[in-house]
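Participant: Residue numbers for the sequence shown, in my numbering: 185 to 694.
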Amino acid sequence: MTLLRFALLMTLITLPATAATAVVRLLPGVPIIVPVESPNAVRRAAADLQRDLAAVLGAESPLLTQPPTDRACIEILAPDASIGGPEAHAIKVIQPPGAPARVTLSGSDMRGVIYAIYTFSEHILGIPPLWFFAQWKPARLEVIKLPGDFALTIPTPHVRWRAWFANDEDMYLPWEQVAPDERYDRVLETMLRLKLNVFDLDDISDYPSEARLNRPRHAHDRGFVLTSTHTSPLGTHWSNWEAFWRGVRHREPPPLRLDQVKAMEEFWTYHIELCRREGFDMIWEVGFRGNGDHSFTTAFPDAPPDAAGRAKIIGDMIKTQIALVRAHHGDGPLRMRTVIYNESSDYLAAGLLDLPKDPDLMWNYVGARRDHFPAADIRQGDLPATQPFAYYLNLQFTSTGAHLAQAEGPWKIARNYEIVAAASRRPLDFWVVNAGNFREFIQELSAHASLAWSPAGWDADQFLQAWCTQYFGARKAGAATAVIRAYYNSFWTQRGPDLPNFPRQYIFQD
185 MTLLRFALLM TLITLPATAA TAVVRLLPGV PIIVPVESPN AVRRAAADLQ RDLAAVLGAE
245 SPLLTQPPTD RACIEILAPD ASIGGPEAHA IKVIQPPGAP ARVTLSGSDM RGVIYAIYTF
305 SEHILGIPPL WFFAQWKPAR LEVIKLPGDF ALTIPTPHVR WRAWFANDED MYLPWEQVAP
365 DERYDRVLET MLRLKLNVFD LDDISDYPSE ARLNRPRHAH DRGFVLTSTH TSPLGTHWSN
425 WEAFWRGVRH REPPPLRLDQ VKAMEEFWTY HIELCRREGF DMIWEVGFRG NGDHSFTTAF
485 PDAPPDAAGR AKIIGDMIKT QIALVRAHHG DGPLRMRTVI YNESSDYLAA GLLDLPKDPD
545 LMWNYVGARR DHFPAADIRQ GDLPATQPFA YYLNLQFTST GAHLAQAEGP WKIARNYEIV
605 AAASRRPLDF WVVNAGNFRE FIQELSAHAS LAWSPAGWDA DQFLQAWCTQ YFGARKAGAA
665 TAVIRAYYNS FWTQRGPDLP NFPRQYIFQD
């Protein structure tokens, strides 16, 4: 649902109830009912709602397990698949005969329940998703009034998996380290309020210290699915190689050569089993790259000299990793992706890379590596409806300094989506955006989340106007929109577009 449609919803909420629908009044200290069996992620969201209610009504709302008999309450329900597809959620007023009214928050699954909680907070209490980053102070109310027949159901999202990749955190990390647990949790809360469901991490490791698991554990506790980026297949990368063999296996590391496949399998298996022991809900990344963000040829001295030979190595290693995941995964849904980045994208476009056609494997295409637009491999593809696919888009320029230039904007985000979506006869399965310095990209991150949930009829101009109205108020929204447009237009275009209807395809390339 777009911001504009939510604005219309708010107009309806504030209309007076008819005589046939008595007004439900939520008073200061309104209880929140949380089922005993609720997972911790739902309880964390309920605690956020408790904080939000106190900020609006000025009194603490108790968390109870049973509805009271003497006053209205807010009741968080157990997941109910009849509400709709994955992550569908609803808010509804129920008035049982002879009992106080209840405002129910429900979802088709755990995250649907969580999203219902935050939808109530945003659209009934007036606390927007970016409240923390905007230093938002909600309006105080003496009572919250809802029509007695109020009901809202939000259907399942269009893009199933919607992710942030925390990369290049040069500005973010010093800010987080002032209060690590609190500020990292505010990032996760913001993601949930924007209705994202995947956190894309670097590696997931417990050596040399178990403290390295703090981030993935915290995200898992909040209800996120986890994945790792293209430099860290199966949750690890080659900079961990020596530490693993010396610190975990207590032996000298084997040489990093392509003929050491058994050693690589042992290395990868350890990290698969670690994620399984931790109970992480994973989208497994499979791929083969070198140290840092470089081709495997920079790390393996026995790499083939030709592109065809290198592409074959990548394809073979992906198949090996898929077999390892399947051997250790156990029951439950299996989700994998392979990020087709840089040299892999070139090999695929040239017809050299043979990717497995596998219903459990998402082919994760990537935007061009500097100015960001869909690369040649996906533009020339016509994916069958049986092949899941994904997209990785940078929101920050990656070779122009400190990753702070937001010149992509909602228009370019939308154009990327349109081109990628046209490449397949099925909805995009997974969409991740790269923006490590979260505070500098909150508007672009909001656009991505909104578009991924409901792209039908999504318009970048309407989004920007609604976003500015929400965060700057109706009186200042026009001026704020003009300033933001002027900012984007200040990035001068040095080269005309190659792709149709893509006027800002190039910004920094000449």
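We put the CB at the ideal spot given by N, CA and C, even for glycine.
Counting only runs that start and end within the stretch 330-379, where is the beta strand (DSSP E) found for 3 or more residues in a row?
Facilitator: Those beta strand (DSSP E) runs which fall completely within the stretch 330-379 and span 3+ residues are 335-338, 345-349.
Participant: Which residue's Cα is closest to the Cα of Arg-406: Arg-227, Gln-444, Pro-339, Ala-636?
Facilitator: Here the closest residue by C-alpha is Arg-227.
Participant: Count the CB pairs spanning the stretch 339-349 and the stretch 628-642 that are closer than 8 Å, and state whether there are at least three.
Facilitator: Yes: the two stretches touch, three or more of their Cβ pairs being nearer than 8 Å.
Participant: If Leu-518 sits next to Phe-464, beta carbons under 8 Å apart, how far is it from one beta carbon to the other, in whole angstroms?
Facilitator: Between Phe-464 and Leu-518 the Cβ distance is about 14 Å, and since that is not below 8 Å, they are no contact.
Participant: Hey, would you say Pro-417 sits closer than 8 Å to Phe-472, going by beta carbons?
Facilitator: Their beta carbons are under 8 Å apart, which means Pro-417 touches Phe-472 by this criterion.
Participant: For the beta strand (DSSP E) that Ser-608 lies in, which residues bound it at each end?
Facilitator: Per DSSP, Ser-608 belongs to no beta strand (DSSP E) and is neither H nor E.
Participant: Taking the alpha-carbon positions, what's the Glu-259 to Leu-233 distance?
Facilitator: Rounded to the nearest angstrom, the two C-alpha atoms are 12 Å apart.
Participant: According to DSSP, is Pro-558 part of a helix, a strand, or is it coil?
Facilitator: Here Pro-558 sits in strand by DSSP.
Participant: Return helix, strand or coil for Phe-464, following the three-state DSSP convention.
Facilitator: Phe-464 falls in the coil class under three-state DSSP.
Participant: With a floor of 4 residues, list each alpha helix (DSSP H) that falls wholly inside the stretch 422-486, ordered by position along the chain.
Facilitator: Runs of the alpha helix (DSSP H) inside the stretch 422-486: 445-462.
Participant: Whose C-beta lies closer than 6 Å to the C-beta of Val-616 among residues of the same chain, with five residues either side of it excluded?
Facilitator: Excluding sequence neighbours, Val-616 sits near Ala-347, Phe-349, Asp-384, Tyr-576.
Participant: Please classify Gly-291: does DSSP put it in a helix, a strand, or coil?
Facilitator: In the structure shown, Gly-291 sits in a strand (DSSP, three-state: E or B).
Participant: Under the rule that 16 or more other beta-carbon atoms within 10 Å means buried, what is Gly-585, buried or exposed?
Facilitator: Low local confidence applies: a pLDDT of 47 at Gly-585 is under 50, so the model's placement there is unreliable, with the coordinate-based value given in what follows. With fewer than 16 other Cβ atoms within 10 Å, it is exposed.
Participant: Do the CB positions of Glu-271 and Ser-305 come within less than 8 Å of each other?
Facilitator: Not closer than 8 Å, so no.
Participant: With burial defined as no fewer than 16 other Cβ atoms inside 10 Å of the residue's Cβ, what is the status of Ser-266: buried or exposed?
Facilitator: Under this definition Ser-266 is an exposed residue.
Participant: Among Val-240, Ala-589, Ile-216, which has the Cα closest to the Cα of Asn-673?
Facilitator: Selected option, being the one with the closest Cα: Ala-589.
Participant: With distances taken between CB atoms, is the gap from Ile-668 to Leu-648 smaller than 8 Å?
Facilitator: Yes, Cβ-Cβ distance for Ile-668 and Leu-648 is below 8 Å.
Participant: Looking at Arg-209 and Ala-256, is the spacing between their C-beta atoms short of 8 Å?
Facilitator: Result yes, Cβ atoms of Ala-256 and Arg-209 sit closer than 8 Å.
Participant: What are the boundary residues of the alpha helix (DSSP H) that includes Tyr-549?
Facilitator: Looking at the DSSP string, Tyr-549 is not in any alpha helix (DSSP H); the run it does join, the beta strand (DSSP E), is 545-550.
Participant: Opposite Ile-267 in the DSSP bridges: which residues?
Facilitator: Ile-267 is not bridged to any residue.
Participant: Just the Cα atoms here: how many angstroms apart are Phe-625 and Trp-595?
Facilitator: Each residue's alpha carbon lies about 14 Å from the other.
Participant: Run through DSSP, which three-state label would Ser-412 get?
Facilitator: If DSSP states are grouped into helix, strand and coil, Ser-412 belongs with the strands.
Participant: Can you name the residues that DSSP bridges to Trp-615?
Facilitator: Per DSSP, Arg-346, Tyr-575.
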